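First the structure, in the form of C-alpha coordinates, and then the observations on it.
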Amino acid sequence: MDIVKEYSQETTMHGVRYIMKPSSPLWERYLNLTLNTTTREILWNIMSVFSIFEHPFYDRMEPHLNKVKNLWDKFDEFNVSQFMMQVLPTCEELFYECYWLGKKFNCCEMFNLQRSEAGFCYSYNSLTSEETKECSLQDEFSDLISFKRKIKENNESIECEIRHNTASGTTTGLEVFVKHSDPEESLKLIASGVWVIIHRSIQYPEVGEKIFILEKENTSFHIEITPSVTESSADLRAVSIAQRKCLFPDETKLSVFHTYNEENCIMECRLQYVNEKCGCTPYFFTNLTPGQLKINKPPMDILGYDDLDAIDCSHCIPTCQDIRRSQDYIDNPNNYLHSSNYGIYLDIYYKETGAVKYYQDLAFDFMDLV
16 MDIVKEYSQE TTMHGVRYIM KPSSPLWERY LNLTLNTTTR EILWNIMSVF SIFEHPFYDR
76 MEPHLNKVKN LWDKFDEFNV SQFMMQVLPT CEELFYECYW LGKKFNCCEM FNLQRSEAGF
136 CYSYNSLTSE ETKECSLQDE FSDLISFKRK IKENNESIEC EIRHNTASGT TTGLEVFVKH
196 SDPEESLKLI ASGVWVIIHR SIQYPEVGEK IFILEKENTS FHIEITPSVT ESSADLRAVS
256 IAQRKCLFPD ETKLSVFHTY NEENCIMECR LQYVNEKCGC TPYFFTNLTP GQLKINKPPM
316 DILGYDDLDA IDCSHCIPTC QDIRRSQDYI DNPNNYLHSS NYGIYLDIYY KETGAVKYYQ
376 DLAFDFMDLV
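Every number in the working numbering is 15 more than the matching position in the sequence shown, counting from 1.
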(Lines of atoms letter the chains of each structure in order from A and count residues from 1; the text may use other names and numbers.)
(Lines give C-alpha, C1' and ligand atoms only; values in the text may rest on other atoms or scores of the structure.)
Protein backbone atom coordinates (compact mmCIF):
# COMPACT_ATOMS: atom_id res chain seq x y z
CA MET A 1 0.00 0.00 0.00
CA ASP A 2 1.32 3.46 -0.84
CA ILE A 3 0.43 6.92 0.32
CA VAL A 4 1.97 8.52 -2.79
CA LYS A 5 4.36 7.12 -5.37
CA GLU A 6 7.41 8.96 -4.11
CA TYR A 7 7.01 7.92 -0.49
CA SER A 8 5.68 4.40 -0.47
CA GLN A 9 4.35 2.71 2.67
CA GLU A 10 5.01 -0.92 1.88
CA THR A 11 2.65 -2.99 3.96
CA THR A 12 2.73 -6.76 4.10
CA MET A 13 0.11 -9.00 5.63
CA HIS A 14 0.97 -12.45 6.91
CA GLY A 15 -1.54 -15.03 8.05
CA VAL A 16 -0.80 -18.41 9.51
CA ARG A 17 -3.23 -20.75 11.15
CA TYR A 18 -1.72 -22.66 14.07
CA ILE A 19 -3.06 -26.10 13.30
CA MET A 20 -1.32 -29.38 12.63
CA LYS A 21 -2.82 -32.06 10.44
CA PRO A 22 -2.63 -35.31 12.38
CA SER A 23 -1.26 -38.00 10.10
CA SER A 24 -0.40 -41.46 11.37
CA PRO A 25 1.36 -42.52 8.14
CA LEU A 26 3.43 -39.33 8.28
CA TRP A 27 4.61 -40.04 11.82
CA GLU A 28 5.27 -43.69 11.04
CA ARG A 29 7.42 -42.69 8.08
CA TYR A 30 9.36 -40.03 9.98
CA LEU A 31 9.95 -41.95 13.22
CA ASN A 32 9.71 -45.57 12.08
CA LEU A 33 7.11 -46.27 14.76
CA THR A 34 4.16 -48.55 15.25
CA LEU A 35 1.47 -46.33 16.70
CA ASN A 36 -0.53 -47.47 19.71
CA THR A 37 -2.44 -45.67 22.46
CA THR A 38 0.72 -44.85 24.43
CA THR A 39 2.79 -43.59 21.52
CA ARG A 40 -0.17 -41.56 20.20
CA GLU A 41 -0.41 -39.73 23.52
CA ILE A 42 3.32 -39.04 23.53
CA LEU A 43 3.19 -37.82 19.94
CA TRP A 44 0.30 -35.53 20.80
CA ASN A 45 2.50 -33.89 23.44
CA ILE A 46 5.38 -33.65 20.97
CA MET A 47 3.07 -31.97 18.45
CA SER A 48 1.93 -29.65 21.22
CA VAL A 49 5.57 -28.70 21.85
CA PHE A 50 6.05 -27.87 18.17
CA SER A 51 2.79 -25.90 18.06
CA ILE A 52 3.52 -23.61 21.01
CA PHE A 53 7.29 -23.36 20.55
CA GLU A 54 7.63 -19.60 20.35
CA HIS A 55 10.13 -16.95 21.39
CA PRO A 56 10.19 -15.81 24.17
CA PHE A 57 7.57 -18.09 25.77
CA TYR A 58 9.61 -21.30 25.92
CA ASP A 59 8.31 -22.13 29.40
CA ARG A 60 4.90 -22.92 27.89
CA MET A 61 6.34 -26.14 26.47
CA GLU A 62 7.32 -27.54 29.87
CA PRO A 63 4.07 -29.40 30.74
CA HIS A 64 4.20 -31.25 27.42
CA LEU A 65 7.95 -31.88 27.56
CA ASN A 66 7.54 -33.55 30.95
CA LYS A 67 5.11 -36.07 29.44
CA VAL A 68 7.43 -37.07 26.60
CA LYS A 69 9.47 -40.05 27.73
CA ASN A 70 11.65 -42.03 25.36
CA LEU A 71 10.97 -40.79 21.84
CA TRP A 72 13.25 -37.75 21.58
CA ASP A 73 16.17 -39.86 20.33
CA LYS A 74 14.14 -40.58 17.20
CA PHE A 75 14.24 -36.89 16.32
CA ASP A 76 18.02 -36.70 15.84
CA GLU A 77 17.66 -36.55 12.05
CA PHE A 78 14.28 -34.83 12.13
CA ASN A 79 13.95 -32.02 9.56
CA VAL A 80 11.68 -29.45 11.23
CA SER A 81 11.28 -27.26 8.13
CA GLN A 82 10.33 -30.19 5.91
CA PHE A 83 7.82 -31.47 8.45
CA MET A 84 6.26 -28.03 8.89
CA MET A 85 5.81 -27.75 5.13
CA GLN A 86 3.91 -31.03 5.11
CA VAL A 87 1.51 -30.08 7.90
CA LEU A 88 1.09 -26.45 6.79
CA PRO A 89 -2.42 -25.62 5.54
CA THR A 90 -2.25 -25.06 1.79
CA CYS A 91 -3.17 -21.72 0.29
CA GLU A 92 -6.40 -23.21 -1.05
CA GLU A 93 -7.29 -24.51 2.42
CA LEU A 94 -6.68 -21.13 4.06
CA PHE A 95 -8.10 -18.47 1.73
CA TYR A 96 -11.64 -18.14 0.42
CA GLU A 97 -11.48 -14.81 -1.48
CA CYS A 98 -9.11 -11.86 -1.81
CA TYR A 99 -9.51 -8.29 -3.10
CA TRP A 100 -6.96 -5.58 -3.86
CA LEU A 101 -8.17 -2.01 -4.58
CA GLY A 102 -11.71 -3.38 -4.74
CA LYS A 103 -10.89 -5.94 -7.45
CA LYS A 104 -11.02 -9.66 -6.87
CA PHE A 105 -7.84 -11.68 -7.45
CA ASN A 106 -6.63 -15.24 -7.04
CA CYS A 107 -5.26 -15.40 -3.48
CA CYS A 108 -2.78 -18.14 -4.30
CA GLU A 109 -1.27 -16.15 -7.18
CA MET A 110 -0.65 -13.08 -5.00
CA PHE A 111 0.27 -14.62 -1.63
CA ASN A 112 3.70 -16.23 -1.31
CA LEU A 113 5.17 -18.57 1.28
CA GLN A 114 7.17 -16.63 3.88
CA ARG A 115 9.55 -17.76 6.63
CA SER A 116 9.22 -15.94 9.93
CA GLU A 117 9.93 -16.36 13.63
CA ALA A 118 6.26 -17.27 14.00
CA GLY A 119 6.55 -20.15 11.53
CA PHE A 120 5.71 -20.42 7.85
CA CYS A 121 3.24 -17.77 6.74
CA TYR A 122 1.58 -16.54 3.56
CA SER A 123 2.71 -13.05 2.60
CA TYR A 124 1.34 -10.32 0.36
CA ASN A 125 3.45 -7.52 -1.13
CA SER A 126 6.66 -8.83 0.42
CA LEU A 127 10.18 -8.73 -1.01
CA THR A 128 11.45 -11.24 1.56
CA SER A 129 9.19 -14.21 0.76
CA GLU A 130 10.41 -17.50 -0.70
CA GLU A 131 9.36 -16.26 -4.13
CA THR A 132 10.95 -12.80 -3.91
CA LYS A 133 13.90 -13.29 -1.52
CA GLU A 134 16.36 -12.53 -4.35
CA CYS A 135 14.85 -9.06 -4.74
CA SER A 136 16.59 -6.06 -3.21
CA LEU A 137 15.73 -2.40 -2.75
CA GLN A 138 18.40 0.20 -2.08
CA ASP A 139 16.15 2.12 0.30
CA GLU A 140 12.48 2.71 0.94
CA PHE A 141 12.36 5.79 -1.29
CA SER A 142 13.67 4.04 -4.39
CA ASP A 143 11.44 3.59 -7.40
CA LEU A 144 13.91 1.13 -8.91
CA ILE A 145 13.96 -2.36 -7.48
CA SER A 146 17.03 -4.43 -8.35
CA PHE A 147 17.27 -8.17 -7.97
CA LYS A 148 19.38 -11.17 -8.85
CA ARG A 149 17.66 -12.68 -11.85
CA LYS A 150 16.61 -16.21 -11.15
CA ILE A 151 14.90 -18.37 -13.76
CA LYS A 152 12.18 -20.73 -12.69
CA GLU A 153 11.70 -24.17 -14.22
CA ASN A 154 9.17 -22.68 -16.66
CA ASN A 155 11.78 -20.10 -17.77
CA GLU A 156 9.91 -17.16 -16.24
CA SER A 157 11.87 -14.54 -14.32
CA ILE A 158 10.93 -13.37 -10.83
CA GLU A 159 8.82 -10.21 -10.70
CA CYS A 160 10.07 -7.86 -7.98
CA GLU A 161 7.25 -5.36 -7.77
CA ILE A 162 5.71 -3.51 -4.85
CA ARG A 163 1.99 -2.92 -5.25
CA HIS A 164 0.97 0.70 -4.68
CA ASN A 165 -2.15 2.35 -3.38
CA THR A 166 -3.10 6.04 -3.02
CA ALA A 167 -6.67 5.64 -1.73
CA SER A 168 -7.90 5.57 1.86
CA GLY A 169 -10.85 4.15 3.72
CA THR A 170 -12.46 0.75 4.05
CA THR A 171 -12.29 -1.66 1.06
CA THR A 172 -9.66 0.52 -0.70
CA GLY A 173 -6.69 -1.69 0.24
CA LEU A 174 -6.37 -5.42 0.87
CA GLU A 175 -9.41 -7.54 1.76
CA VAL A 176 -9.03 -11.18 2.73
CA PHE A 177 -11.71 -13.77 3.46
CA VAL A 178 -10.30 -16.72 5.43
CA LYS A 179 -12.06 -20.08 5.41
CA HIS A 180 -13.43 -21.76 8.51
CA SER A 181 -10.89 -23.90 10.34
CA ASP A 182 -11.48 -27.62 10.63
CA PRO A 183 -11.93 -28.63 14.32
CA GLU A 184 -10.64 -32.09 13.45
CA GLU A 185 -7.27 -30.63 12.44
CA SER A 186 -6.69 -28.58 15.57
CA LEU A 187 -4.82 -29.49 18.74
CA LYS A 188 -7.18 -27.07 20.53
CA LEU A 189 -4.32 -25.34 22.33
CA ILE A 190 -5.54 -21.93 21.21
CA ALA A 191 -8.78 -20.57 19.76
CA SER A 192 -9.34 -20.77 16.01
CA GLY A 193 -8.08 -17.78 14.09
CA VAL A 194 -5.08 -16.36 12.25
CA TRP A 195 -2.00 -14.35 13.20
CA VAL A 196 -1.41 -11.24 11.15
CA ILE A 197 1.86 -9.29 10.94
CA ILE A 198 1.96 -5.89 9.26
CA HIS A 199 5.41 -4.74 8.17
CA ARG A 200 7.37 -3.12 5.38
CA SER A 201 7.97 -5.05 2.18
CA ILE A 202 11.77 -4.97 2.53
CA GLN A 203 11.63 -6.14 6.15
CA TYR A 204 11.33 -9.66 7.51
CA PRO A 205 8.20 -10.06 9.67
CA GLU A 206 8.79 -9.19 13.33
CA VAL A 207 6.98 -11.73 15.51
CA GLY A 208 6.57 -9.18 18.32
CA GLU A 209 4.17 -7.19 16.13
CA LYS A 210 1.75 -9.99 15.33
CA ILE A 211 -1.99 -9.62 15.94
CA PHE A 212 -4.36 -12.50 16.58
CA ILE A 213 -7.71 -12.34 14.80
CA LEU A 214 -10.32 -14.63 16.29
CA GLU A 215 -12.56 -16.59 13.98
CA LYS A 216 -16.06 -15.15 14.50
CA GLU A 217 -19.09 -15.09 12.23
CA ASN A 218 -20.81 -11.83 11.24
CA THR A 219 -17.71 -9.85 12.20
CA SER A 220 -15.29 -7.74 10.19
CA PHE A 221 -11.78 -6.95 11.43
CA HIS A 222 -10.26 -3.70 10.18
CA ILE A 223 -6.63 -2.52 10.36
CA GLU A 224 -6.26 1.21 9.72
CA ILE A 225 -2.73 2.35 8.84
CA THR A 226 -1.37 5.87 9.34
CA PRO A 227 2.12 6.35 7.82
CA SER A 228 4.78 8.90 8.71
CA VAL A 229 7.75 9.75 6.50
CA THR A 230 11.20 11.03 7.45
CA GLU A 231 13.36 12.46 4.68
CA SER A 232 16.90 13.78 5.17
CA SER A 233 19.00 16.27 3.28
CA ALA A 234 22.25 15.06 1.70
CA ASP A 235 24.00 17.78 3.75
CA LEU A 236 23.54 15.56 6.81
CA ARG A 237 26.30 13.31 5.48
CA ALA A 238 28.75 15.97 6.70
CA VAL A 239 27.72 15.13 10.28
CA SER A 240 29.15 11.99 11.86
CA ILE A 241 26.89 8.96 12.23
CA ALA A 242 27.32 9.14 16.01
CA GLN A 243 25.91 12.68 16.00
CA ARG A 244 23.04 12.28 13.52
CA LYS A 245 22.13 8.78 14.79
CA CYS A 246 20.92 7.51 11.42
CA LEU A 247 22.38 5.83 8.35
CA PHE A 248 22.06 6.50 4.64
CA PRO A 249 21.45 3.28 2.66
CA ASP A 250 24.89 3.25 1.02
CA GLU A 251 26.77 3.64 4.32
CA THR A 252 26.41 0.06 5.52
CA LYS A 253 25.49 -3.40 4.29
CA LEU A 254 24.01 -6.44 5.99
CA SER A 255 25.53 -9.88 5.55
CA VAL A 256 22.20 -11.72 5.18
CA PHE A 257 19.49 -9.30 4.10
CA HIS A 258 19.60 -7.38 0.84
CA THR A 259 18.31 -4.08 2.21
CA TYR A 260 19.41 -2.27 5.38
CA ASN A 261 16.86 -1.02 7.87
CA GLU A 262 16.82 -1.07 11.65
CA GLU A 263 14.51 -4.08 11.92
CA ASN A 264 16.52 -6.25 9.52
CA CYS A 265 19.72 -5.28 11.32
CA ILE A 266 18.31 -6.33 14.72
CA MET A 267 17.08 -9.63 13.31
CA GLU A 268 20.50 -10.30 11.79
CA CYS A 269 22.08 -9.43 15.14
CA ARG A 270 19.90 -12.07 16.83
CA LEU A 271 20.77 -14.64 14.17
CA GLN A 272 24.47 -14.02 14.68
CA TYR A 273 24.11 -14.74 18.37
CA VAL A 274 22.32 -18.04 17.77
CA ASN A 275 24.92 -19.02 15.20
CA GLU A 276 27.84 -18.22 17.51
CA LYS A 277 26.41 -19.91 20.61
CA CYS A 278 24.68 -22.92 19.06
CA GLY A 279 26.51 -23.43 15.75
CA CYS A 280 23.25 -23.49 13.80
CA THR A 281 20.48 -21.21 12.58
CA PRO A 282 16.75 -21.40 13.40
CA TYR A 283 14.49 -23.42 11.06
CA PHE A 284 13.02 -20.29 9.51
CA PHE A 285 16.42 -19.22 8.19
CA THR A 286 17.83 -22.52 6.96
CA ASN A 287 18.21 -20.96 3.52
CA LEU A 288 20.62 -18.31 4.86
CA THR A 289 24.34 -18.53 5.52
CA PRO A 290 25.03 -16.02 8.32
CA GLY A 291 28.57 -14.88 8.91
CA GLN A 292 28.52 -13.41 12.39
CA LEU A 293 25.06 -13.44 13.55
CA LYS A 294 21.91 -12.61 18.13
CA ILE A 295 18.08 -13.23 20.10
CA ASN A 296 16.87 -11.95 23.42
CA LYS A 297 18.21 -13.48 26.61
CA PRO A 298 16.81 -17.02 27.17
CA PRO A 299 14.64 -17.77 30.21
CA MET A 300 16.37 -18.16 33.57
CA ASP A 301 17.70 -21.55 34.73
CA ILE A 302 18.24 -22.86 31.19
CA LEU A 303 21.33 -25.07 31.24
CA GLY A 304 24.31 -23.46 29.52
CA TYR A 305 22.76 -19.99 29.37
CA ASP A 306 23.03 -18.95 33.02
CA ASP A 307 25.85 -16.46 32.59
CA LEU A 308 24.77 -14.82 29.32
CA ASP A 309 24.31 -11.07 29.19
CA ALA A 310 21.63 -9.27 27.23
CA ILE A 311 22.42 -8.83 23.55
CA ASP A 312 24.00 -5.62 22.38
CA CYS A 313 22.54 -4.59 19.01
CA SER A 314 23.21 -0.88 19.56
CA HIS A 315 24.87 -0.65 16.14
CA CYS A 316 21.41 -1.07 14.57
CA ILE A 317 20.10 2.46 14.12
CA PRO A 318 17.31 3.90 11.94
CA THR A 319 17.84 4.96 8.35
CA CYS A 320 17.93 8.67 7.56
CA GLN A 321 15.22 8.06 4.96
CA ASP A 322 12.56 6.27 6.93
CA ILE A 323 8.92 5.22 6.83
CA ARG A 324 6.98 4.32 9.96
CA ARG A 325 3.34 3.55 10.60
CA SER A 326 0.84 3.40 13.39
CA GLN A 327 -2.09 1.00 13.34
CA ASP A 328 -5.61 1.10 14.69
CA TYR A 329 -7.65 -2.09 15.08
CA ILE A 330 -11.42 -2.23 14.79
CA ASP A 331 -13.52 -5.34 15.39
CA ASN A 332 -17.03 -4.64 14.06
CA PRO A 333 -20.25 -6.68 14.02
CA ASN A 334 -21.43 -6.97 10.42
CA ASN A 335 -24.53 -8.98 9.60
CA TYR A 336 -23.99 -8.46 5.86
CA LEU A 337 -20.95 -10.76 5.96
CA HIS A 338 -22.74 -13.93 7.03
CA SER A 339 -21.44 -16.90 5.08
CA SER A 340 -20.83 -20.57 5.68
CA ASN A 341 -17.71 -20.45 3.47
CA TYR A 342 -15.45 -18.20 5.54
CA GLY A 343 -14.85 -17.46 9.20
CA ILE A 344 -12.76 -14.26 9.05
CA TYR A 345 -13.06 -11.08 7.02
CA LEU A 346 -9.96 -8.85 7.19
CA ASP A 347 -9.82 -5.33 5.73
CA ILE A 348 -6.47 -3.45 5.66
CA TYR A 349 -6.35 0.14 4.40
CA TYR A 350 -4.97 3.63 4.92
CA LYS A 351 -6.89 5.60 7.53
CA GLU A 352 -6.41 8.97 5.82
CA THR A 353 -5.25 10.26 2.43
CA GLY A 354 -2.33 12.19 3.93
CA ALA A 355 0.72 11.35 6.01
CA VAL A 356 2.94 13.15 8.50
CA LYS A 357 6.25 14.13 6.90
CA TYR A 358 9.44 15.04 8.75
CA TYR A 359 12.45 16.63 7.08
CA GLN A 360 15.95 16.60 8.57
CA ASP A 361 18.41 19.20 7.36
CA LEU A 362 21.68 20.71 8.50
CA ALA A 363 20.92 24.05 10.18
CA PHE A 364 24.49 25.27 9.79
CA ASP A 365 27.92 23.74 9.26
CA PHE A 366 31.35 24.67 10.58
CA MET A 367 31.97 27.32 7.92
CA ASP A 368 28.62 29.00 8.66
CA LEU A 369 29.56 29.09 12.34
CA VAL A 370 32.91 30.72 11.52
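Cβ atoms here follow ideal geometry from the backbone N, Cα and C, with glycine treated the same way. Quick caveat: nothing in here was measured; it's all calculated off a predicted structure.
query: Meets three-Cβ-pair contact criterion under 8 angstroms: the stretch 354 to 369 and the stretch 175 to 188; result: yes
query: Simplified DSSP assignment, three categories, for Val244; result: strand
query: C-beta contact flag for Leu58 and Phe236 at 8 angstroms; result: no
query: Close-in-space but distant-in-sequence residues of the same chain around His390 (CB under 7 angstroms, 5 per side omitted); result: The chain is shown from 16 up to 385; residue 390 falls before or after that span and cannot be answered.
query: Distance, Thr274 Cα to Cys421 Cα; result: There is simply no residue 421 to check, as the chain begins at 16 and stops at 385 in what is shown.
query: Length of the line joining the Cα atoms of Gln101 and Arg130; result: 14 angstroms
query: C-alpha gap between Tyr139 and Lys292, whole angstroms; result: 34 angstroms
query: Completely contained beta strand (DSSP E) runs for the stretch 169 to 236, where each covers 3 or more residues; result: 189 to 194, 208 to 214, 226 to 229
query: Which of helix, strand or coil DSSP assigns to Ser63; result: helix
query: 6 angstroms Cβ shell around Gly208 - same chain, five flanking residues per side excluded; result: Phe227, Ile228, Leu229, Glu230
query: Beta carbon of Ile8 nearer than 8 angstroms to that of Arg259; result: This structure does not reach residue 8, given that the chain is present from 16 up to 385, and the question cannot be answered.
query: Coarse secondary structure for Cys106, derived from DSSP in three states; result: helix
query: Continuous alpha helix (DSSP H) stretch holding Ile326: start and end; result: No alpha helix (DSSP H) contains Ile326, which DSSP labels as neither H nor E.
query: Residues of its chain near Ser141, where Cβ-Cβ distance is below 7 angstroms and the 5 sequence neighbours each way are ignored; result: Thr27, Asn127, Gln129, Thr147, Ser216
query: Any 3 or more C-beta pairs closer than 8 angstroms across the stretch 239 to 254 and the stretch 337 to 347; result: yes
query: Paired residues, beta bridge with Cys280 - DSSP; result: In the DSSP output, where bridge partners are listed per residue, Cys280 has none listed.
query: Delimiting residues of the alpha helix (DSSP H) encompassing Glu80; result: Before going on, a small fix: residue 80 reads as Leu here, not Glu. Counting along the chain, the alpha helix (DSSP H) containing Leu80 begins and ends at 77 to 80.
query: Whole-number beta carbon distance between Cys122 and Cys113, since they are thought to touch under 8 angstroms; result: 4 angstroms
query: Supposed close pair Glu283, Ser270 - CB separation, criterion 8 angstroms; result: 7 angstroms
query: Local conformation of Pro264 per DSSP, three classes; result: helix
query: Contacting residues, own chain, Cβ-Cβ under 6 angstroms from Phe110 (five flanking each side not counted); result: Cys122
query: Alpha-carbon spacing of Cys261 relative to Cys328, whole angstroms; result: 14 angstroms
query: Option in Val191, Asp91, Cys175 with minimal Cα separation from Tyr137; result: Val191
query: Buried or exposed (CB count within 10 angstroms, at least 16 for buried), Trp210; result: buried
query: Span of the alpha helix (DSSP H) around Gln258; result: 256 to 259
query: N-terminal and C-terminal residue of the alpha helix (DSSP H) that Cys295 is part of; result: Per DSSP, Cys295 belongs to no alpha helix (DSSP H) and is neither H nor E.
query: For Tyr275, the three-state DSSP class (helix, strand or coil); result: coil
query: Short Cβ contact (8 angstroms threshold) for Lys225 with Ile212; result: yes
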